[in-house]
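Residue numbers (this note's numbering), protein chains in the order written: chain A, 742 to 853; chain B, 74 to 188.
The beta-carbon is built from N, C-alpha and C at its ideal position, and this holds for glycine as well.
Below: the structure, in structure tokens.
Printed below as a string of structure tokens:
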């Protein structure tokens, strides 16, 4: 089955700096790659997603890049703010149905 | 639209018992997926239902089962509970109208503690 690896497991940055989280996946058939943010005690919420026919997608301070050949994708957060502090999960989904295979998560801490 | 709802929110059971968790998707959503979240293993996919049919299944033992009703509401059942089943169980729904994947929205989860 699909295996998604996520790095780093923890990341601490100063407010205003950029943060980058990287994921690799094993199933070359996967074609949908969402990123979820989970704040303490809350449900995961989608922050951005990318499909396999797109190489990059940006939404304000958040961007995701996908390299299908290397089977890796990354989340980039610019101008980080303390409210960006949370656990971020990457995921990959095969074409058929809706099964998200998640990475283990990255705990991001943004210090003022 | 109301969001994804899950009941109960908290549950305490003892080893060997069974438990049934319920999920009501967003109105109009036909795909419901279940995930187990633990500190050690993160978010793990259990199964996905679409139009009352299980479409995908994760790598969990047969003690974990589920079903979906004609109104898209879904239940999952865990029989013969083990201590390791203690976790937050999340369900998520999506419209999955047949085109590109739409956003999957998560419910608040059911926190299960097995003693």
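From the listed residues 808(A), 772(A) and 779(A), the smallest Cα separation to residue 796(A) is found for 808(A). Taking a Cβ-Cβ threshold of 8 Å, the residues of chain B close to residue 834(A) are 174, in chain order. The beta carbon of residue 801(A) does not come within 9 Å of any beta carbon belonging to chain B, so the residue lies off that interface. One alpha carbon belongs to residue 761(A), the other to residue 137(B), and they sit about 36 Å apart.
Residue 184(B): member of the beta strand (DSSP E) spanning 183-187, first to last residue.
Neighbours of residue 148(B) in chain A, taken as residues whose beta carbon is under 8 Å from its own, are absent, since the nearest beta carbon is some 18 Å off. Between the beta-carbon of residue 104(B) and that of residue 159(B) there is about 27 Å, and that puts the pair past the 8 Å contact cut. For residue 792(A), the enclosing beta strand (DSSP E) has its first and last residue at 786-792.
Looking at the DSSP output, residue 798(A) bridges to 805(A). Excluding the 5 residues flanking it on each side, residue 763(A) has same chain C-beta neighbours closer than 6 Å at 748 and 815, in chain order. Straight-line spacing of the CA atoms in residue 135(B) and residue 756(A) works out to 47 Å. Contact of residue 188(B) with chain A is not assigned, every C-beta pair being separated by 9 Å or more.
Excluding sequence positions up to five before and after residue 845(A), its CB lies within less than 6 Å of the CB of 747, all in the same chain and listed in chain order. Contact residues of the stretch 124-141 of chain B toward chain A are 128, 129, 130, 131 and 132 (C-beta to C-beta distance below 9 Å).
Against residue 177(B), the close residues of chain A are 775, 787, 839 and 841, in the order they occur along the chain (beta-carbon pairs closer than 8 Å). Take the alpha-carbon of residue 786(A) and the one of residue 777(A): they are about 5 Å apart. Residue 185(B) places its beta carbon 9 Å or farther from that of residue 156(B). When 9 Å is used as the limit between beta carbons, residue 167(B) is near these residues of chain A: 839, in chain order.
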